[in-house]
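Q: Below you will find the structure I want to go over with you.
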Amino acid sequence: MLPSFRIIKYVLMDILQNRIIIGYTLFLFAVSFGLFNLGGDSTKGLVGLLNIVLIVTPLVSIVFSTIHFYNSYEFIELLAAQPIRRSLIVWSEFWGLTIALTLATLVGIGVPVVVFAANATGISLVLVAVGLSVVFISIALLASVLTRDKAKGIGVVLLLWFLFALLYDALVLFLMFAFADYPLEKAMLGFVCLNPIDLARVVVLLQMDIAALMGYTGALFREFLGTNWGIVFALFVLAVWAIVPMLLAVRVFNRKDL
Numbered sequence: 001m002l003p004s005f006r007i008i009k010y011v012l013m014d015i016l017q018n019r020i021i022i023g024y025t026l027f028l029f030a031v032s033f034g035l036f037n038l039g040g041d042s043t044k045g046l047v048g049l050l051n052i053v054l055i056v057t058p059l060v061s062i063v064f065s066t067i068h069f070y071n072s073y074e075f076i077e078l079l080a081a082q083p084i085r086r087s088l089i090v091w092s093e094f095w096g097l098t099i100a101l102t103l104a105t106l107v108g109i110g111v112p113v114v115v116f117a118a119n120a121t122g123i124s125l126v127l128v129a130v131g132l133s134v135v136f137i138s139i140a141l142l143a144s145v146l147t148r149d150k151a152k153g154i155g156v157v158l159l160l161w162f163l164f165a166l167l168y169d170a171l172v173l174f175l176m177f178a179f180a181d182y183p184l185e186k187a188m189l190g191f192v193c194l195n196p197i198d199l200a201r202v203v204v205l206l207q208m209d210i211a212a213l214m215g216y217t218g219a220l221f222r223e224f225l226g227t228n229w230g231i232v233f234a235l236f237v238l239a240v241w242a243i244v245p246m247l248l249a250v251r252v253f254n255r256k257d258l
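Taking the numbering used here, the leading residue of the sequence shown gets 1, the next gets one more, and so forth.
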């Protein structure tokens with residue numbers, strides 16, 4: 001077995017036995033079933049679940065990945081002392097975390113969606129939840145390799161989550177009103193690409209006829225790109241959000257003095 005697969009297997013088995021991951025899976029499962037049963041309508045259930053996905057999934061992914069990296073630092077140092085490329089160590093951490101959190105998402109959200117809302121919107125919601133998990137794992141690993149201090153690293157990722165989940169839309173609205181006399185539509189499309197949570201929201205809501213929840217950025221995607229092209233473009237940018245931080249994390253880790 002190749003060294004990278006051995007490392008991924010070890011990381012994955014360690015994470016799957018973690019009570020936080022088990023509790024996270026059960027939480028998503030219970031909330032998903034509750035929302036679908038309480039709403040009585042699959043669309044209402046999907047909207048409520050979307051709000052959970054946009055807030056909870058990034059938070060758990062970024063915080064858990066950061067804590068796991070720091071808790072595994074002695075193991076990582078041991079691996080770095082072996083004749084193994086450093087890039088394999090970081091990518092193994094990434095894939096272990098990705099597989100574990102993807103399984104948690106598929107069980108916690110995917111199963112209820114298949115039971116209650118097995119349509120294009122439901123499938124896109126599950127894919128978006130997985131995509132957000134991958135994006136914020138990538139961001140967490142980049143933040144973790146940039147600083148050795150655990151408290152500082154956790155503080156940085158919490159600040160990033162707070163910015164993406166809560167502050168960013170307020171900043172965009174402020175800019176929109178501050179420069180209302182200027183044609184900002186295309187600029188706003190650029191701004192929404194700088195927030196993976198906004199992109200995830202747009203991907204799901206573009207398939208739902210809920211104009212009130214589309215928001216300014218979602219309306220712009222529908223107006224300028226149309227439903228299908230808007231979804232493809234948003235998914236492409238989400239993929240960039242997942243890949244670029246990981247490439248930077250590998251580059252930093254390769255040059256870092258452990």
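Glycine included, every Cβ here is placed at the ideal spot set by N, Cα and C.
Quick check on DSSP: helix, strand or coil for residue 83?
A: As a working mapping, residue 83 is identified with position 83 in the sequence shown. Correct three-state label for residue 83: coil.
Q: Give the list of continuous alpha helix (DSSP H) stretches no shorter than 4 residues that lie fully inside the stretch 111–156.
A: Within the stretch 111–156, the complete alpha helix (DSSP H) runs of at least 4 residues are 111–116 and 120–146.
Q: Determine the contact status of residue 138 and residue 242, defining contact as a CB-CB distance below 7 Å.
A: Locating residue 138 in the sequence shown gives position 138, where the first residue counts as 1. Locating residue 242 in the sequence shown gives position 242, where the first residue counts as 1. For residue 138 and residue 242, yes; Cβs fall inside 7 Å.
Q: Does DSSP put residue 188 in a helix, a strand or coil?
A: Residue mapping note: residue 188 aligns to position 188 of the sequence shown, counting from 1. Residue 188 falls in the helix class under three-state DSSP.
Q: Use the C-beta contact count for residue 125: other C-beta atoms within 10 angstroms, 16 or more gives buried, fewer gives exposed.
A: Start at 1 with the first residue of the sequence shown, and residue 125 comes out as number 125. With 16 or more Cβ atoms within 10 Å of its Cβ, residue 125 is classed as buried.
Q: Hey, could you find the ends of the alpha helix (DSSP H) residue 60 is sitting in?
A: Sequence index remark: in the sequence shown, residue 60 carries index 60 (1-based). It spans 42–71 - the alpha helix (DSSP H) in which residue 60 sits, taken as one unbroken run.
Q: So what does DSSP say about residue 261, is it helix, strand or coil?
A: With the chain running from 1 to 258 in the structure shown, residue 261 is simply not present.
Q: Using a 10 Å radius around the Cβ and a threshold of 16 neighbouring Cβ atoms, would you call residue 77 buried or exposed?
A: The residue given as residue 77 occupies position 77 in the sequence shown. Exposed, since its Cβ has fewer than 16 Cβ neighbours within 10 Å.
Q: So, under 8 Å CB-CB, residue 65 and residue 140 are touching, yes? Tell me the CB distance rounded to an integer number of Å.
A: Reading the sequence shown from its first residue, position 65 is the one you call residue 65. Reading the sequence shown from its first residue, position 140 is the one you call residue 140. About 4 Å; that satisfies the 8 Å criterion.
Q: Could you name the residues of the same chain whose beta carbon sits closer than 8 Å to that of residue 89, not counting the 5 residues immediately before and after it, in chain order?
A: Within the sequence shown, numbered from 1, the residue matching residue 89 stands at position 89. So the qualifying residues of the chain are 7, 76, 79, 80 and 253.
Q: With DSSP as the reference, label residue 259 as helix, strand or coil.
A: Shown here, the chain extends from 1 to 258; a query on residue 259 therefore has no answer.
Q: Classify residue 195: buried if its beta carbon has 16 or more other beta carbons within 10 angstroms, exposed otherwise.
A: Counting from 1 along the sequence shown, the entry for residue 195 is found at position 195. When all chains shown are included, residue 195 counts as buried.
Q: For the stretch 157–177 and the stretch 102–119, state whether three or more C-beta atom pairs, one from each stretch, are separated by less than 8 Å.
A: They do not touch, by the three-pair rule.
Q: Assign residue 254 to one of three DSSP states: helix, strand, or coil.
A: Here residue 254 is taken as the residue at index 254 of the sequence shown, counted from 1. The answer is helix: DSSP assigns residue 254 an H, G or I state.
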